[in-house]
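In terms of my numbering, the sequence shown has 613 at position 398, counting the first letter as 1, and numbering is strictly consecutive.
What follows is a set of notes on a single structure, which appears directly below.
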Amino acid sequence: MNSREKEISKNIPDPGTSVAVVSALLIAYPDGARIQDKNGDLPLHYAAEIDASVDVVSVLLNAYPGGAQIKDNQGNLPLHYNRNIDVDSVLLNAYPGGAQIKNQAGYLPLHEAVCDLDVSVDVVSALLSAYPGGAQVTRKGGTLALHDAVRFADHDVISALLGAYPDGVRVKDNDGRLPLHTVLDNEFVHDDRVSVVLSAYPGGAQVQDIRGWLPLHYLADQAFDECDADSCLKICVELLRVYRAGAQLTNNDGLLPLQVALQVNENPFRDIIIRLYEAHPAGASVLNDEERERLTAIVLEGKKHQYATGHNYHAENHAEEASDVDSNYAGAANKRKRGDGGIEHLRKVWETCKANRDSLLRSWEKCKGLGAIAEKLEKRLTACLDEEKAAFDAYNKLAMESVVWPKRHCSEEAPKQSDGGAEAA
Numbered sequence: 216m217n218s219r220e221k222e223i224s225k226n227i228p229d230p231g232t233s234v235a236v237v238s239a240l241l242i243a244y245p246d247g248a249r250i251q252d253k254n255g256d257l258p259l260h261y262a263a264e265i266d267a268s269v270d271v272v273s274v275l276l277n278a279y280p281g282g283a284q285i286k287d288n289q290g291n292l293p294l295h296y297n298r299n300i301d302v303d304s305v306l307l308n309a310y311p312g313g314a315q316i317k318n319q320a321g322y323l324p325l326h327e328a329v330c331d332l333d334v335s336v337d338v339v340s341a342l343l344s345a346y347p348g349g350a351q352v353t354r355k356g357g358t359l360a361l362h363d364a365v366r367f368a369d370h371d372v373i374s375a376l377l378g379a380y381p382d383g384v385r386v387k388d389n390d391g392r393l394p395l396h397t398v399l400d401n402e403f404v405h406d407d408r409v410s411v412v413l414s415a416y417p418g419g420a421q422v423q424d425i426r427g428w429l430p431l432h433y434l435a436d437q438a439f440d441e442c443d444a445d446s447c448l449k450i451c452v453e454l455l456r457v458y459r460a461g462a463q464l465t466n467n468d469g470l471l472p473l474q475v476a477l478q479v480n481e482n483p484f485r486d487i488i489i490r491l492y493e494a495h496p497a498g499a500s501v502l503n504d505e506e507r508e509r510l511t512a513i514v515l516e517g518k519k520h521q522y523a524t525g526h527n528y529h530a531e532n533h534a535e536e537a538s539d540v541d542s543n544y545a546g547a548a549n550k551r552k553r554g555d556g557g558i559e560h561l562r563k564v565w566e567t568c569k570a571n572r573d574s575l576l577r578s579w580e581k582c583k584g585l586g587a588i589a590e591k592l593e594k595r596l597t598a599c600l601d602e603e604k605a606a607f608d609a610y611n612k613l614a615m616e617s618v619v620w621p622k623r624h625c626s627e628e629a630p631k632q633s634d635g636g637a638e639a640a
């Protein structure tokens, strides 16, 4: 507790103190409204900080109208401490320029307000109305009010700041961090805050800060007990949807998001680790023995949970994979029918069909028991098997037709085939 907090703890009045009591004290000692304590605070600063009624604040301002312009030892006006919309109006009316005043840390009243977990959008809107440019002002560290708001304030406050300064989502602080980075570098991550920032600037998912950290690295650094499970999983899915290649990028320390997640000492987030691994399976090759052992244990635990609950963490990924395979063997079928590229091409088409069949089979085995997903994969697998057989037959037929028969020149037509094999030359 610093000296100012100690002073307040000793002298703080009851926020319910009546106007009659304050008025009586001012009658007894009119200059009391002008007296600053050792921290430079007026009674008006105290009243603003403890959320005193607008009537008490008005009595103090009537006794000392200039009080709204007085800074304490930290450079704070009463407006810096206030979180009451009615009091905001009274203080801004007494000193309209107060919304533009920075304290010693470079905070506007707007910066201070958005760092309060309980601030209302009405208070923020009033400060923005008094000073619209405040949304573009940075405090120490190059931080906008938006950088702070995404960590502390609710969806409505963030939206109000974005409305005042839409390009704020693209502004980096002195550490190269966008608001999207700071919203994920938080004790508790909320998907609604991330969603509004990511929607405003999807490209932010590709931006690395001065340490080379993507937003995905920050999410990977979350421990399970510091993150709402559903929220963080939604964020992970959305970040990978917007920028899947992010799972393959290393930070300045050479760490993938997967490695960052595996290095969380306590309560690593299993579902996020599995998602990061699925997005970049090759990342397992750069893990050390301890990380690889931990990854194996987490993946196995995930499979056990899947079988125990009937929930498949991988169903969406395998459904997407199956869709890609579906497109692959459809393309292979068209090429086979056109006869593009001759025998060598048909051999490759056949091999592609085999690989597609193996991939679909793996997906189908992992999704068995998932109803519609499994049924769809089974139909695709059946079609793929038919396509593989057709590709093999086409390859085999052309291979037989392409034999260079003895005693003939290449330009001469090869003898026709019978079901029993080649005719004699």
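Glycine residues also receive a C-beta, built at the ideal position from the N, C-alpha and C atoms.
Cβ atoms of residue j and residue i: under 8 Å apart, would you say?
i	j	result
residue 454	residue 420	yes
residue 372	residue 336	yes
residue 343	residue 386	no
residue 427	residue 388	no
residue 267	residue 245	no
residue 288	residue 321	no
residue 392	residue 369	no
residue 366	residue 397	yes
residue 485	residue 506	no
residue 502	residue 510	yes
residue 309	residue 345	no
residue 339	residue 325	yes
For residue i, name the three-state secondary structure that DSSP assigns.
i	result
residue 386	coil
residue 507	helix
residue 392	coil
residue 404	strand
residue 358	strand
residue 605	helix
residue 552	Here residue 552 scores only 45 on pLDDT, less than 50, and its place in the model is too uncertain to base an answer on.
residue 438	strand
residue 332	coil
residue 468	coil
residue 421	helix
residue 321	coil
residue 339	helix
residue 515	helix
residue 537	Per-residue confidence for residue 537 stands at a pLDDT of 43, beneath the threshold of 50, marking its modelled position as unreliable; no derived number is given.
residue 282	helix
residue 545	Note that residue 545 scores 48 on pLDDT, short of 50, meaning its location in the model is unreliable and no value can be drawn from it.
Mind checking which residues open and close the alpha helix (DSSP H) that includes residue i?
i	result
residue 258	258-264
residue 453	444-457
residue 235	234-243
residue 296	293-296
residue 326	324-329
residue 378	370-379
residue 426	Residue 426 -> no alpha helix (DSSP H), and no H or E assigned at all.
residue 494	485-494
residue 305	300-309
residue 475	472-477
residue 278	269-278
Between residue i and residue j, which are expected to be in contact by the criterion C-beta below 8 Å, what is the C-beta distance as a whole number of angstroms?
i	j	result
residue 334	residue 274	Contact flag wrong, Cβ pair sits at about 25 Å.
residue 487	residue 438	In fact, because the Cβ distance is near 10 Å, the residues do not count as touching under 8 Å.
residue 459	residue 415	About 20 Å separates the two Cβ atoms, so there is no contact after all.
residue 263	residue 311	Contact doesn't hold; Cβ gap of about 16 Å is too wide.
residue 433	residue 473	Between residue 473 and residue 433 the Cβ distance is about 14 Å, and since that is not below 8 Å, they are no contact.
What's the gap between the Cα of residue i and the Cα of residue j?
i	j	result
residue 446	residue 417	18 Å
residue 376	residue 248	35 Å
residue 451	residue 270	48 Å
residue 233	residue 257	18 Å
residue 285	residue 313	10 Å
residue 477	residue 307	50 Å
residue 540	residue 465	Caution applies to residue 540, whose pLDDT of 42 falls short of 50 and renders its modelled position unreliable; the value that the coordinates give is listed next. One C-alpha to the other measures close to 29 Å.
residue 297	residue 332	13 Å
residue 243	residue 250	14 Å
residue 235	residue 241	10 Å
residue 601	residue 567	13 Å
residue 468	residue 461	15 Å
residue 347	residue 379	7 Å
residue 554	residue 597	Unreliable placement is indicated for residue 554, whose pLDDT of 46 sits below 50; no coordinate value is reported for it.
residue 449	residue 362	21 Å
residue 291	residue 304	17 Å
residue 413	residue 239	54 Å
residue 382	residue 317	22 Å
residue 319	residue 327	12 Å
residue 260	residue 401	30 Å
residue 496	residue 457	18 Å
residue 384	residue 594	45 Å
residue 302	residue 341	11 Å
residue 228	residue 405	Because residue 228 sits at a pLDDT of 49, beneath the cut-off of 50, its placement in the model cannot be relied upon, and the following sentence gives the value as read from the coordinates. Approximately 36 Å between the Cα atoms of the pair.
Residue i: beta carbon under 7 Å from a heavy atom of the ligand ZN?
i	result
residue 485	As far as ligands go, the structure on display features none, and thus does not contain the ligand ZN.
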